[in-house]
Structures are given as C-alpha cells and as structure tokens.
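So for the sequence shown, the working numbering puts the first residue at 10; every next one is plus one.
From the three backbone atoms N, C-alpha and C, an ideal C-beta is built for every residue, glycine too.
Presented below is the structure to which this report refers.
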Amino acid sequence: MSAPEPNPESELGTVADNPDNKGVILPQVTRQKTLADDVGPFNIPVDMQGTLAIKQLIYKKLKVDKIFVDVGLQNNKLSISNLVGKIGKGEVQGFSLVNLGVQGLSYQGTMTLSQPNVNTLVSGLFPEVQQNVSGSLQWQNEFSGRGTLADTLLPALKLKGAVVLRQGTVKGFPVLDQLAGFLGSNKLKILSFQSLTAQYNLYDGLTRING
C-alpha cells in the first residue's frame with residue numbers, strides 16, 4: 010500500500026494559522042508623497058516691497074559678504090531680485106520668483122557666479138580638498154520647479170546652465186594618485202588645463218552633460 014500524498018492546501022493552511030510562526034515577514038510599503046502632502050497654498054493679503062542687507066552669511070566655511078537683495082510680495086508671489094553678494098574677490102548674482110498660492114509652491118529663477126579664485130569657493134564648501142583646486146570659475150544657472158518634499162521636488166526640478174573653468178589645476182585627489190601609480194606616470198597626479206567648459210541640463214530626474 011502506497012503512502013498517502015500530502016495535501017499542499019492543508020500544509021499551507023497549518024503554517025498560516027500558526028500564531029507562533031515567525032518565518033513569514035511581510036514587507037512594509039512606504040507610500041510615495043504627492044503634492045497633496047506638500048505645503049501650501051498660502052493666501053497672504055499683504056503687499057510688500059523692501060531691500061534686505063546682510064553683512065555676512067556663512068555656510069560651512071564659505072563666507073558670502075555684503076549681500077543686498079530686493080524683496081517683494083504681491084498676489085501671493087514672492088520676488089527676490091537684484092541679489093548681489095561677494096565671495097572673496099568673486100561675486101554672486103541672482104533672481105527668483107516663488108508662487109506661494111499653489112500647492113507645493115512653484116519657483117523659477119537664475120543665478121550666476123564669477124569667481125577669479127575657485128579655491129576660495131572649494132575650500133569653503135569642501136575644506137578637505139583645500140589647495141587642491143585652482144583656477145577661475147564662471148557659472149550660469151537657470152532653475153524652475155515645484156514642491157518642497159523629496160518625492161515632489163526632484164521629479165519637477167529643472168536645471169540648465171554652464172560652467173567654465175580657466176587656467177585650472179586639480180591635484181591631490183586619490184583617484185589621480187591611483188591612476189598615476191597604475192600607469193607609472195607622476196605627471197598624471199596633476200591635472201592642468203587652459204579652459205574647461207561644460208553645459209548641463211537636468212529634467213525628469215536625469216542630468217545631461219555636454220563638454
């Protein structure tokens with residue numbers, strides 16, 4: 010007499026009905042946030058015009074001095090215009106318009122940076138690579154988007170701009186040292202160039218770079 014075949018349905022039911030079974034762990038599903046979860050819209054019944062002056066602003070070790078900006082608020086639209094600030098011997102300029110009257114806010118603007126000594130910028134933002142980058146920098150950037158949360162901001166963010174680095178030198182980076190050691194050439198430890206230009210375009214969460 011052959012042994013009876015096991016009943017798969019009976020076995021599965023036994024496992025599922027066992028309250029002490031800890032072998033089955035259901036994955037947690039995180040809901041992606043939408044504009045409905047974002048801030049706004051705001052209705053601010055105020056018209057405002059003025060000028061803001063900041064003696065110095067410090068981010069990490071980067072110092073921006075003598076900041077002047079015109080600020081306006083009308084019909085729930087916040088304008089930031091004629092922004093000027095000094096970074097060492099360089100200058101940053103910008104403009105932005107923010108619509109406070111829509112869910113998640115919407116914004117657009119431009120920013121330019123002229124920096125004759127790029128090491129001032131790099132050493133302020135990345136102190137660990139101080140004295141490893143030199144040259145002059147020109148940067149132009151346009152931006153627009155909507156949302157303040159990561160799930161809403163990144164898909165809608167658009168960036169378009171260009172970077173020009175002249176009389177540049179890059180040295181002291183581990184990847185350059187490793188490449189020089191692999192190829193047996195100490196000259197590769199220092200990367201020098203007369204002019205380096207790159208254009209970038211970010212939309213739909215993807216960045217396109219031409220240079």
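Practice prompt. With a 10 Å radius around its C-beta and 16 neighbouring C-beta atoms as the bar for buried, classify G59 as buried or exposed.
Written response: exposed
Practice prompt. Note down, in chain order, each residue of its chain lying with its Cβ closer than 7 Å to the Cβ of G156, except the 5 sequence neighbours on either side.
Written response: L44, D47, G113, L162, A165
Worksheet item: CB L61 to CB K86, shorter than 9 Å?
Response: no
Practice prompt. Go through its chain and collect everything with a Cβ distance to L21's Cβ below 8 Å, but skip five positions before and after it.
Written response: Reliability fails at L21, whose pLDDT of 44 lies under 50, so the model's placement of it is uncertain and the value that follows must be treated cautiously. Within the same chain, L21 has no close Cβ partners at all.
Worksheet entry | Status (buried if at least 16 other CB within 10 Å, exposed otherwise) for Y68 | exposed
Practice prompt. Could you name the residues of the same chain whose beta carbon sits closer than 6 Å to that of R217, not counting the 5 residues immediately before and after it, in chain order?
Written response: N210
Worksheet item: So what does L71 bridge to, in DSSP terms?
Response: Y68
Worksheet item: Does DSSP put L222 in a helix, in a strand, or in coil?
Response: Not covered by the structure: residue 222. The range shown for the chain is 10 to 220.
Practice prompt. Taking only the alpha-carbon atoms, compute the straight-line gap between N82 and Q176 and give it to the nearest angstrom.
Written response: Per the sequence shown, residue 82 should be read as Leu rather than Asn. If you take the alpha carbons of L82 and Q176, they lie about 43 Å apart.
Worksheet item: DSSP three-state call for E18: helix, strand or coil?
Response: Because the pLDDT of E18 is 48, which lies under 50, any placement of that residue in the model is unreliable, and the question is left without a value.
Worksheet entry | 9 Å Cβ cutoff met for V55 and Q65 | no
Practice prompt. Determine the contact status of V173 and L130, defining contact as a CB-CB distance below 9 Å.
Written response: no
Fill in: Under the three-state DSSP convention, the category V24 falls into
Residue placement at V24 is flagged as unreliable, the pLDDT there being 46, under the threshold of 50; a coordinate-derived value is accordingly withheld.
Fill in: Best match in V93, L109, S115, G110 for proximity to L122 [C-alpha to C-alpha]
V93
Worksheet item: Among G118, G133, Q117, which one has its Cα closest to the Cα of Q7?
Response: Residue 7 is absent from the model: the chain starts at 10 and stops at 220.
Worksheet item: So, helix, strand or coil for N128, using DSSP?
Response: helix
Discussion item. The beta strand (DSSP E) that contains N108, what's its start and end?
Written reply: 99-108
Worksheet item: Straight-line CA distance for E100 to G49?
Response: 33 Å
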